[in-house]
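Residue numbers (my numbering), protein chains in the order written: chain A, 308 to 527; chain B, 36 to 282.
The structure appears right after this line, and notes come after that.
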Ligand code: HEM
Ligand code: SF4
Ligand code: SF4
Ligand code: FES
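What follows is the structure in structure tokens.
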């Protein structure tokens, strides 16, 4: 006898929402770890162009940049697809959340809107940045400095830096409260810690951009 | 010196085709420990007998007087004017169906949602009216009672950006309700059964962690903590199913 398994979709609880929520959180957390590491690596130029060049050489000689770079790019796009499910898609929904936020004057609701807006900047600018760097290997302090001193990229990074750090900082806080790592009792303190943490990263980023802008270019 | 309070109150009667949404302004001398509930009654008695708003218990127990007070959902009976600025703007709760002015129909929404999440103890046990009541550890009874204190006022739902954007999101109220049944040993549902009702984007995975619910709940139900516990629990139920499918 042949039996056919049919799934009654109405009574089969879909696990898709659960999987996608895991992936949204994990891609977000992965990108956070990457961005923090990325900042430390780039900021090495403040210790000297030689330090940054040596680190860049290490990542290229071991093919971590060539392989890891595209993986990060793909993760970013994947995270976008996952998180975009939560964004207000129609102008009607956008109007609702905007009026709602203005009415409520509630910090965490505003933070979510900041996250949604910075996400759009990161999607476009992050992709451009990743493409530019990976199609022009090897990474050297001199090449980065020349780019920043050209003016266009300097301004580009000055915009991208706060966008990324805000999105990452708020995302860090949000994962902690959504998944219950931070409870009611510790929320306020953790929020303050996250603000300071974000501020410190923006500061390191600014110092780094200034350093690249003022790095003497060889042969000029 | 007592203040002269200025009230901007939303007015609209959806039953009346000639009515258009507008804001009416009223002035009232502030008296000691004046609550919004008393203020609204004074206004209705002395200035405008047509003003619609709801209340019953006037002591934060019935949950009928929820409204948007200077932008924040809260209970009119529990809010004292001395904690508010001189100008007070009152609007009906969003999300719920407007009855008129400040009065909304929360009842239908809560009944529908409670039915959707099967908000009752599921048990096969035969009820025996002669038997002694089942015993429960005191700590457990207290933990359940902590979540049971919800008065279905709707403030958490009205303050939730997700619930405002997406009509089918069940809101912190329902998620807290499920958390309460998960604690209750008399409810024989297993985690997989709870997953079926809230393991979706209309349930816990739709919540974006904006925590407005946590910040406005007039009963201070630990919504943030319960949402976190529930997300983790349901996320792991979802994962477990991957392995079961292939076993
Ligand atoms: C392509 C550009 C990006 C878009 C469109 C985007 C969009 C979003 C949105 C809308 C959310 C809110 C989701 C929710 O509340 O459930 C979010 C959350 C988050 N994003 Fe992004 N993002 C982008 C890039 C990034 C990057 C580069 C990082 C890290 C470096 C990041 C880290 C996070 C984190 C940690 C969360 C919180 C995740 C969660 O709540 O589960 N995102 N993102
Ligand atoms: S959880 Fe709080 S805000 Fe929500 S309905 Fe219950 S008492 Fe009201
Ligand atoms: S945490 Fe935010 S999204 Fe979740 S139920 Fe509360 S207000 Fe809504
Ligand atoms: S009148 Fe009952 S809660 Fe306010």
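All C-beta atoms in this analysis are idealised placements derived from N, C-alpha and C, irrespective of residue type, glycine included.
Give the DSSP-derived three-state secondary structure of residue i in the structure shown.
i, result
"residue 64 of chain B", "strand"
"residue 58 of chain B", "strand"
"residue 96 of chain B", "coil"
"residue 545 of chain A", "Shown here, chain A extends from 308 to 527; a query on residue 545 of chain A therefore has no answer."
"residue 567 of chain A", "No statement about residue 567 of chain A is possible, as the shown extent of chain A runs from 308 to 527 and does not include it."
"residue 495 of chain A", "helix"
"residue 117 of chain B", "helix"
"residue 476 of chain A", "helix"
"residue 70 of chain B", "strand"
"residue 107 of chain B", "strand"
"residue 30 of chain B", "Given that chain B is displayed from residue 36 to residue 282, the structure contains no residue 30 of chain B and the question cannot be resolved."
"residue 228 of chain B", "helix"
"residue 397 of chain A", "coil"
"residue 345 of chain A", "helix"
"residue 513 of chain A", "helix"
"residue 49 of chain B", "coil"
"residue 272 of chain B", "helix"
"residue 481 of chain A", "helix"
"residue 430 of chain A", "helix"
"residue 407 of chain A", "helix"
"residue 241 of chain B", "helix"
"residue 200 of chain B", "helix"
"residue 282 of chain B", "At residue 282 of chain B, the pLDDT of 43 sits below 50, so the modelled position is not reliable; the number obtained from the coordinates is stated separately. If DSSP states are grouped into helix, strand and coil, residue 282 of chain B belongs with coil."
"residue 413 of chain A", "coil"
"residue 184 of chain B", "coil"
"residue 331 of chain A", "helix"
Here's the rule: buried if 16 or more other CB atoms are within 10 angstroms of the residue's CB, otherwise exposed. What is residue i?
i, result
"residue 157 of chain B", "exposed"
"residue 476 of chain A", "buried"
"residue 318 of chain A", "Summary for residue 318 of chain A: the model assigns pLDDT 47, below 50, so the residue's position carries little reliability; its value from the coordinates is reported in the next sentence. Classification of residue 318 of chain A: exposed, given that the 10 Å Cβ count is below 16."
"residue 495 of chain A", "exposed"
"residue 108 of chain B", "buried"
"residue 427 of chain A", "exposed"
"residue 140 of chain B", "exposed"
"residue 582 of chain A", "Examination of residue 582 of chain A is not possible in this model, given that chain A is present from 308 through 527 alone."
"residue 352 of chain A", "buried"
"residue 448 of chain A", "buried"
"residue 155 of chain B", "exposed"
"residue 68 of chain B", "exposed"
"residue 331 of chain A", "buried"
"residue 459 of chain A", "exposed"
"residue 126 of chain B", "buried"
"residue 422 of chain A", "buried"
"residue 72 of chain B", "buried"
"residue 405 of chain A", "exposed"
"residue 457 of chain A", "exposed"
"residue 445 of chain A", "exposed"
"residue 371 of chain A", "exposed"
"residue 481 of chain A", "buried"
"residue 374 of chain A", "exposed"
"residue 174 of chain B", "exposed"
Less than 8 Å between the CB atoms is what I'm expecting for residue i and residue j, so what's the real figure, rounded?
i, j, result
"residue 200 of chain B", "residue 419 of chain A", "Going by Cβ atoms, the distance from residue 200 of chain B to residue 419 of chain A rounds to 11 Å, so no, they are not a contact pair."
"residue 335 of chain A", "residue 386 of chain A", "6 Å"
"residue 131 of chain B", "residue 189 of chain B", "6 Å"
"residue 152 of chain B", "residue 213 of chain B", "6 Å"
"residue 142 of chain B", "residue 47 of chain B", "With a Cβ gap of about 20 Å, residue 142 of chain B and residue 47 of chain B do not count as contacting."
"residue 179 of chain B", "residue 98 of chain B", "With a Cβ gap of about 19 Å, residue 179 of chain B and residue 98 of chain B do not count as contacting."
"residue 237 of chain B", "residue 204 of chain B", "6 Å"
"residue 490 of chain A", "residue 260 of chain B", "5 Å"
"residue 60 of chain B", "residue 39 of chain B", "With a Cβ gap of about 12 Å, residue 60 of chain B and residue 39 of chain B do not count as contacting."
"residue 516 of chain A", "residue 464 of chain A", "5 Å"
So which of the options has the shortest CA-CA distance to residue i?
i, options, result
"residue 113 of chain B", "B:255, B:103, B:129 and B:95", "B:95"
"residue 181 of chain B", "B:117, B:255 and B:149", "B:255"
"residue 58 of chain B", "B:43, B:71, B:65 and B:49", "B:43"
"residue 269 of chain B", "B:117, B:229 and B:248", "B:229"
"residue 150 of chain B", "B:222, B:209 and B:127", "B:209"
"residue 89 of chain B", "B:81, B:83, B:82 and B:101", "B:101"
"residue 264 of chain B", "A:485, A:363 and A:507", "A:485"
"residue 437 of chain A", "A:346, A:379 and A:458", "A:379"
"residue 392 of chain A", "B:240, B:104, B:173 and B:271", "B:240"
"residue 413 of chain A", "B:159, B:63, B:50 and B:193", "B:193"
"residue 129 of chain B", "A:398, A:407 and A:516", "A:407"
"residue 11 of chain B", "B:206, B:218, B:249 and B:64", "With chain B covering 36 to 282 only, the question about residue 11 of chain B has no answer from this structure."
"residue 537 of chain A", "A:430, A:453 and A:479", "Outside the shown range of chain A (308 to 527) lies residue 537 of chain A, about which nothing can therefore be said."
Using DSSP bridges, identify the partner residues of residue i.
i, result
"residue 123 of chain B", "B:42"
"residue 138 of chain B", "B:135"
"residue 102 of chain B", "B:109"
For ligand 5, is there a heavy atom less than 6 Å away from the beta-carbon of residue i?
i, result
"residue 327 of chain A", "Among the ligands present in this structure, namely ligand 1, ligand 2, ligand 3 and ligand 4, ligand 5 is not found."
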